[in-house]
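Participant: Sharing a structure here in structure tokens format.
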Amino acid sequence: MVRDESIYGKILYQDETHKFVWLGADPEIKAGVVQTNQYLINDKGRGILLDPGGIHLFSRVVAAASRYISLEKIDTIIFSHQDPDVSSGIALWLGVTPSIIYISQLWMRFLPHFGIIDEHRIKGIEVSDKKLSLPSGSSMIFLPAHFMHSLGNYSVYDERSKILFSGDIGAAVFKPGEEYLFVEDFDKHISLMKPFHSRYMVANKVCRKWVDTVSKFDIQMIAPQHGAIFRGEDVNRFLNWLSELPCGVDNLEEIYG
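With the working numbering applied, the sequence shown covers 13 to 269.
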């Protein structure tokens with residue numbers, strides 16, 4: 013159970029210069045509130061946050077991240093897309109860190125609605141170098157995931173740890189108190205993923221495109237923003253399952269009834 017893990021997180025990968033950290037579970041998640049995962053990368057003292065979450069999670073995520081790095085060392089925040097569970101805490105994070113925010117160019121004009129004052133600290137992924145070079149010499153690579161489910165959506169591959177941060181792709185919806193950190197029974201886990209993916213992802217065509225894109229990389233884990241982390245053989249099990257899943261407009265007649 014995730015609730016048995018420390019609320020301050022778990023190191024998913026670590027070497028002499030690089031850590032990839034899951035930043036713990038919300039101990040007060042309530043029925044009807046979507047469970048979310050936040051992640052921190054510490055590369056030779058440089059901090060990068062991945063989808064740090066909404067306003068109500070801010071104090072918990074700050075406390076968790078501070079165990080692994082000083083806030084003033086967090087200089088980059090990456091948002092996979094624009095949803096409030098991803099980015100509504102943006103103004104608070106800009107206030108306590110010197111971070112530059114990366115998000116799809118398509119969503120930059122929406123972020124001021126979350127209270128942003130200094131828009132010069134926001135960069136569109138499409139006009140960046142499509143990757144971030146890290147002090148250790150490795151990179152984080154932005155991989156397009158458009159229409160899954162956002163029209164401006166990105167996954168991020170960490171070359172050093174070989175972990176793919178997938179955002180909403182791979183999301184599972186738990187009942188409160190039944191969360192777990194790693195997928196252990198993939199066939200059972202499908203029932204927690206299928207309703208979300210079938211409705212929110214636009215079409216199987218885009219799922220297959222994303223799978224083809226990410227499959228070019230050596231992926232040891234897939235870390236989604238909701239649900240549990242895939243590792244080992246479950247990485248390929250998930251990619252194969254997703255590539256065959258009818259979703260979105262494929263199910264239009266069923267959706268309209």
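Glycine included, each C-beta is placed from N, C-alpha and C at the ideal position.
Considering just the uninterrupted stretch of the beta strand (DSSP E) at K22, what are its terminal residues?
Facilitator: Translated into the one-based positions of the sequence shown, residue 22 becomes position 10. 22-26 is the extent of the beta strand (DSSP E) around K22.
Participant: Just to check my reading of the structure: R152 and G136 have Cβ atoms closer than 8 angstroms, yes? What is that Cβ distance to the nearest angstrom?
Facilitator: As a working mapping, residue 152 is identified with position 140 in the sequence shown. As a working mapping, residue 136 is identified with position 124 in the sequence shown. Residue 152 is actually Met in this sequence, not Arg. For M152 against G136, the beta-carbon gap comes to about 16 angstroms, at or over 8 angstroms, which does not count as contact.
Participant: Run through the DSSP bridge pairs and tell me what A235 is partnered with.
Facilitator: The residue labelled residue 235 in the question sits at position 223 within the sequence shown. Partner(s): F177.
Participant: Using only CA atoms, which one of W253, I241, I231 lies nearest to V216?
Facilitator: Sequence index remark: in the sequence shown, residue 216 carries index 204 (1-based). The question names Val, yet the displayed sequence has Asn at residue 216. Ranking W253, I241, I231 by Cα distance to N216 puts W253 first.
Participant: Taking only the alpha-carbon atoms, compute the straight-line gap between G260 and E28 and give it to the nearest angstrom.
Facilitator: One-based indexing of the sequence shown puts residue 260 at position 248. One-based indexing of the sequence shown puts residue 28 at position 16. If I take the Cα positions, the gap works out to 44 angstroms.
Participant: What is the rounded straight-line gap between the Cα of H132 and the Cα of D97?
Facilitator: Translated into positions along the sequence shown, residue 132 becomes position 120. Translated into positions along the sequence shown, residue 97 becomes position 85. Roughly 23 angstroms separates the two Cα atoms.
Participant: Leaving out five residues on either side along the sequence, give the residues of the same chain with a beta carbon under 6 angstroms from the beta carbon of S116.
Facilitator: Taking the sequence shown and counting its residues from 1, one reaches residue 116 at position 104. For S116, where only same-chain residues beyond five positions count, the Cβ hits under 6 angstroms are I137, G164.
Participant: So H238 and T48 are in contact, right, with Cβ under 8 angstroms, and what is the actual spacing, rounded?
Facilitator: Working through the sequence shown from its first residue, we reach residue 238 at position 226. Working through the sequence shown from its first residue, we reach residue 48 at position 36. The Cβ separation is near 6 angstroms, so the contact holds.
Participant: Leaving aside the five residues before and after F229 along the sequence, list all residues of the same chain whose C-beta is less than 6 angstroms from its C-beta, in chain order.
Facilitator: By one-based count along the sequence shown, residue 229 stands at place 217. Taken in chain order, the residues that qualify are Y169.
Participant: Please check the pair Y51 and V33, which I expect to be a contact at CB under 8 angstroms, by giving their CB distance rounded to whole angstroms.
Facilitator: On the sequence shown, position 39 is the one that residue 51 refers to. On the sequence shown, position 21 is the one that residue 33 refers to. About 7 angstroms separates the two Cβ atoms, so the contact holds.
Participant: Quick check on the DSSP output: the beta strand (DSSP E) that includes L52 runs from which residue to which?
Facilitator: For the purposes of this step, residue 52 is taken as residue 40 along the sequence shown, with counting starting at 1. In this chain, the beta strand (DSSP E) harbouring L52 covers 51-55.
Participant: Three-state secondary structure (DSSP) at L204?
Facilitator: Position 192 of the sequence shown holds residue 204. L204: helix per DSSP, three-state reduction.
Participant: Which of the three DSSP states, helix, strand or coil, is assigned to R249?
Facilitator: As a working mapping, residue 249 is identified with position 237 in the sequence shown. In this structure, R249 counts as helix in the three-state DSSP scheme.
Participant: According to the neighbour-count rule (16 or more other Cβ atoms, all chains shown, within 10 Å of its Cβ), is Y192 buried or exposed?
Facilitator: The count along the sequence shown starts at 1 and reaches residue 192 at position 180. So Y192 counts as buried.
Participant: Is it right to say I267 is buried, meaning 16 or more other beta carbons lie within 10 angstroms of its own, or is it exposed?
Facilitator: Residue 267 sits at position 255 when you count from the first residue of the sequence shown. The residue is exposed, with fewer than 16 neighbouring Cβ atoms inside 10 Å.
Participant: Please classify F250 as buried or exposed, where buried requires at least 16 neighbouring CB atoms within 10 angstroms.
Facilitator: Position 238 of the sequence shown, counted from the start, is the residue given in the question as residue 250. Looking at its Cβ environment, which holds 16 or more other Cβ atoms inside 10 Å, F250 is buried.
Participant: Just the C-alpha distance for G273 and M233, rounded to the nearest angstrom, thanks.
Facilitator: No information on residue 273 is available, as it lies outside the stretch 13 to 269 that the chain covers here.
Participant: Would you tell me roughly how many angstroms separate the C-alpha atoms of M13 and P188, rounded to the nearest one?
Facilitator: Stepping through the sequence shown from its first residue, residue 13 is reached at position 1. Stepping through the sequence shown from its first residue, residue 188 is reached at position 176. At M13, the pLDDT of 44 sits below 50, so the modelled position is not reliable; the number obtained from the coordinates is stated separately. Their Cα atoms are separated by approximately 11 angstroms.
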